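J.:
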Amino acid sequence: MLWSLAMTIFTPVSRIPKEYYVTAEIDQKLKEITPKTGERYLPDSSDAEQVRQQSKILEDFASENGLTFVETDAHGRLRYCYQCSLIKPDRSHHCSSCGFCVVKFDHHCPWINKCVSYRNYKYFLLYLFYGTSFLVFGFITSLEAIVRFAIDDKPIDKLDEFIPVAVSILIYIGFSYYPLGELLIYHARLVWDNETTCEQAKPPMIR
Ligand SMILES: [Zn+2]
Ligand SMILES: [Zn+2]
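Heads up: the sequence shown is residues 16 to 222, going by this note's numbering.
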């Protein structure tokens, strides 16, 4: 369990390969035809002509470099990151906490202060599985102790000793289910559907 947690934390986050980064000129051209407020670019506020020009620049770069995509943004453009200056590969997203785009982004985990993504997702799942199994094991073995206590020691006579044990076990059940057990069930469903947390929240546009 601790090994999978350590691997989730210490496996480097998967960055976007360099071929997806556009040149400084292309980045400049795109930024010139994209509305902005302050330092923030607002591609969704582009008019129809700007969208057409942005799409052309992005599609030309992709075809010249042999890059293929099935995902687009809501305007049918290839998904461009104005912070990283790259065309986002399918299933990747910009993480605002890490400050860069991440391959097969699932979510940014504040507990480990890192993205759960392509390279550490397997370790994250293993951690949920081992963690839940450990808590379930602890629960079953404590249940046995309660049953023995109830049978052998007449708990009604020793209520002040019995209540703390019962309360600790209830707290234990709580931690088994939430967050570990619940997350395990949730991610097992995501794996079954081949989805990331991010895609479940906002389904991708496929062209
Ligand atoms: Zn980015
Ligand atoms: Zn992140």
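Virtual Cβ for every residue (Gly too), placed ideally from N, Cα, C.
Please read these numbers as outputs of a predicted model, since none were measured by experiment.
So what does Tyr95 bridge to, in DSSP terms?
T.: Ile102
J.: Since Met22 and Tyr145 are thought to touch, with beta carbons under 8 Å apart, how far apart are those beta carbons, to the nearest angstrom?
T.: At roughly 11 Å, the Cβ-Cβ gap does not stay under 8 Å, so Met22 and Tyr145 are not in contact.
J.: What residue range is occupied by the uninterrupted beta strand (DSSP E) comprising Lys129?
T.: Lys129 to Val131
J.: Does DSSP put Thr23 in a helix, in a strand, or in coil?
T.: For Thr23, the three-state secondary structure derived from DSSP is helix.
J.: Need the endpoints of the beta strand (DSSP E) that Val117 sits in, please.
T.: Phe115 to Val117
J.: Taking the C-alpha atoms as reference points, what is the distance between Cys96 and Ser19?
T.: 32 Å
J.: Which term fits Leu225, buried or exposed, when burial requires 16 or more other beta carbons within 10 angstroms of its beta carbon?
T.: No answer is possible for residue 225: it lies beyond the span of the chain, which begins at 16 and ends at 222.
J.: In this structure, how does DSSP classify Lys9 when only helix, strand and coil are distinguished?
T.: Residue 9 lies beyond the range of the chain shown here (16 to 222); nothing can be said about it.
J.: Express the C-alpha separation of Glu79 and Val238 in angstroms, rounding to a whole number.
T.: The question about residue 238 has no answer, for the chain in this structure spans 16 to 222.
J.: With His122 as the anchor, note down where its beta strand (DSSP E) starts and where it stops.
T.: His122 to Cys124
J.: Let me make sure I understand the geometry here. Which of Thr156, Thr147, Ser183 and Arg92 has the alpha-carbon closest to that of Glu197?
T.: Here the closest residue by C-alpha is Thr147.
J.: Take every Cβ of the segment 62-77, pair it with every Cβ of the segment 150-159, and state whether three or more of those distances are shorter than 8 Å.
T.: no
J.: Indicate whether the contact test is met: 3 or more Cβ pairs, each with one atom in the segment 107-123 and one in the segment 197-217, closer than 8 Å.
T.: Cβ pair count under 8 Å is three or more, so yes.
J.: Does any heavy atom of ligand 2 sit closer than 7 Å to the C-beta of Ser29?
T.: Incorrect: Ser29 has no Cβ contact closer than 7 Å to ligand 2.
J.: From what residue to what residue does the beta strand (DSSP E) around His109 run?
T.: His108 to Cys110
J.: Taking DSSP as the reference, what is the three-state secondary structure of Arg222?
T.: coil
J.: By the DSSP assignment, the alpha helix (DSSP H) with Ile48 in it spans what residues?
T.: Segment: none, Ile48 is in no alpha helix (DSSP H) and carries neither H nor E.
J.: Ligand 1 heavy atoms versus the CB of His90: any closer than 7 Å?
T.: no
J.: Applying the 10 Å Cβ sphere with the 16-neighbour rule, what's the burial state of Arg67?
T.: exposed
J.: Hey, out of Tyr136, Lys173, Asn135 and Ser112, whose CA is closest to Pro125's CA?
T.: For the options Tyr136, Lys173, Asn135 and Ser112, the alpha carbon positioned closest to that of Pro125 is the one of Ser112.
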